[in-house]
Amino acid sequence: MWNFVRRAVRRNYGQDKEYYRIIDELFGFVPHNIELYKLALIHKSASLVLADGRQINNERLEFLGDAVIEAVTSDYLYIEFPDRQEGFLTQLRSKIVSRQSLNTIARTIGLDRYVIANPTGSTNQKHIYGDAFEAMIGAIYLDQGYEFANRLLINNIYYRYLNLDNLTDEETDFKSRLIEWCQKTHHTIAFETVHGRNYSSNHPIFDATVVIDGIRVGHGQGESKKEAEQCAAHSVSCAMSDEACGDILDKIDRLYRPKGTGVS
Numbered sequence: 001m002w003n004f005v006r007r008a009v010r011r012n013y014g015q016d017k018e019y020y021r022i023i024d025e026l027f028g029f030v031p032h033n034i035e036l037y038k039l040a041l042i043h044k045s046a047s048l049v050l051a052d053g054r055q056i057n058n059e060r061l062e063f064l065g066d067a068v069i070e071a072v073t074s075d076y077l078y079i080e081f082p083d084r085q086e087g088f089l090t091q092l093r094s095k096i097v098s099r100q101s102l103n104t105i106a107r108t109i110g111l112d113r114y115v116i117a118n119p120t121g122s123t124n125q126k127h128i129y130g131d132a133f134e135a136m137i138g139a140i141y142l143d144q145g146y147e148f149a150n151r152l153l154i155n156n157i158y159y160r161y162l163n164l165d166n167l168t169d170e171e172t173d174f175k176s177r178l179i180e181w182c183q184k185t186h187h188t189i190a191f192e193t194v195h196g197r198n199y200s201s202n203h204p205i206f207d208a209t210v211v212i213d214g215i216r217v218g219h220g221q222g223e224s225k226k227e228a229e230q231c232a233a234h235s236v237s238c239a240m241s242d243e244a245c246g247d248i249l250d251k252i253d254r255l256y257r258p259k260g261t262g263v264s
């Protein structure tokens, strides 16, 4: 009875009634500490600056939420796939908690309508909704506890919006696949990753290049080193099949490696 009354009062009265409605509509409960959720909606591009120069945004909650989501997802997959090995679980978890996946979830549940941001059109703006979703989970964890966040994420989000069969079949770890292929076919591989031309703390852009046997064969860009390297590896996979890669690298071997030398 009290919960019903509290929900009605907080949704319809007081200066924060709109925020209570947002959380109730998105996640189906009324928070204790609404300030956490208000903060979770503020992207760093729209940071509030205090008198002492400190910036207020959702980055700290995003950091916390990322850890909570990974822990809950690990628990979820361990139960859902009792017979699968660690490698499979790790890859599937990586797909679920990826920025792209969380960004899609945020848009699907309607969180994107409430995020406060000042987009500039730069690359690092494309994941602001997934970042806000992580921040929301961080807020839920602090406000309601881990068990509540666990149940909400699994029952209200994963069961409704994740298709594990599709995720299992989807290829996303192009870097690992390319490294494995090079190791199997005895070719050297390296990733050269540097700050992008317009890199700044508020605009973290990285450029990555895939180098196979000293030859630059793929390029990619992202807001983290990991993302840039995945994009670079993906560019290689899009350009040619395994067989085509093998044919080209065999030609490189014959042309550029001195006779009598071994494969490094």
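UniProt numbering puts the first residue of the sequence shown at 1, with every later residue one more than the last.
The beta-carbon is built from N, C-alpha and C at its ideal position, and this holds for glycine as well.
CB contact flag (residue i, residue j, <8 Å)
i: residue 135; j: residue 62; result: yes
i: residue 101; j: residue 174; result: no
i: residue 26; j: residue 109; result: yes
i: residue 161; j: residue 76; result: no
i: residue 168; j: residue 92; result: yes
i: residue 182; j: residue 215; result: no
Sequence-distant residues of its chain with Cβ nearer than 7 Å to residue i (five each side left out)
i: residue 235; result: 218, 219, 220
i: residue 19; result: 34, 37, 38
i: residue 228; result: 193, 206, 207, 208, 220, 221, 222
Alpha-carbon to alpha-carbon, residue j and residue i
i: residue 50; j: residue 56; result: 7 Å
i: residue 95; j: residue 65; result: 16 Å
i: residue 226; j: residue 206; result: 9 Å
i: residue 164; j: residue 112; result: 23 Å
i: residue 166; j: residue 52; result: 49 Å
i: residue 90; j: residue 97; result: 11 Å
i: residue 224; j: residue 196; result: 10 Å
i: residue 28; j: residue 21; result: 9 Å
i: residue 156; j: residue 147; result: 13 Å
i: residue 231; j: residue 176; result: 12 Å
i: residue 204; j: residue 107; result: 23 Å
i: residue 129; j: residue 103; result: 5 Å
i: residue 133; j: residue 16; result: 20 Å
i: residue 85; j: residue 184; result: 22 Å
i: residue 1; j: residue 40; result: Here residue 1 scores only 47 on pLDDT, less than 50, and its place in the model should not be relied on; the value that follows carries that caveat. Their Cα atoms are separated by approximately 29 Å.
i: residue 114; j: residue 127; result: 14 Å
i: residue 191; j: residue 198; result: 20 Å
i: residue 87; j: residue 151; result: 25 Å
i: residue 99; j: residue 74; result: 17 Å
Endpoints, alpha helix (DSSP H) assigned at residue i
i: residue 93; result: 86-96
i: residue 221; result: Careful: residue 221 lies outside any alpha helix (DSSP H), inside the beta strand (DSSP E) at 215-222.
i: residue 68; result: 59-80
i: residue 138; result: 128-144
i: residue 23; result: 17-27
i: residue 103; result: 99-109
i: residue 42; result: Segment: none, residue 42 is in no alpha helix (DSSP H) and carries neither H nor E.
i: residue 176; result: 174-184
6 Å CB neighbourhood of residue i in its chain, flanking five on each side removed
i: residue 265; result: Coverage of the chain is limited to positions 1 through 264, which leaves residue 265 absent and any answer about it impossible.
i: residue 153; result: 72
i: residue 345; result: This structure does not reach residue 345, given that the chain is present from 1 up to 264, and the question cannot be answered.
i: residue 42; result: 57, 58, 116
i: residue 70; result: 97
i: residue 44; result: 57, 59
Residues that DSSP places opposite residue i in a beta bridge
i: residue 192; result: 209
i: residue 55; result: 49
i: residue 34; result: Residue 34 is not bridged to any residue.
i: residue 116; result: 42
Chain-order list of residues whose beta-carbon lies under 8 Å from that of residue i (same chain, five-residue window excluded)
i: residue 149; result: 68, 72, 137, 140, 141
i: residue 178; result: 189, 210, 233, 236, 237
i: residue 83; result: none
i: residue 80; result: 164
i: residue 46; result: 57, 116, 117, 118
i: residue 180; result: none
i: residue 54; result: none
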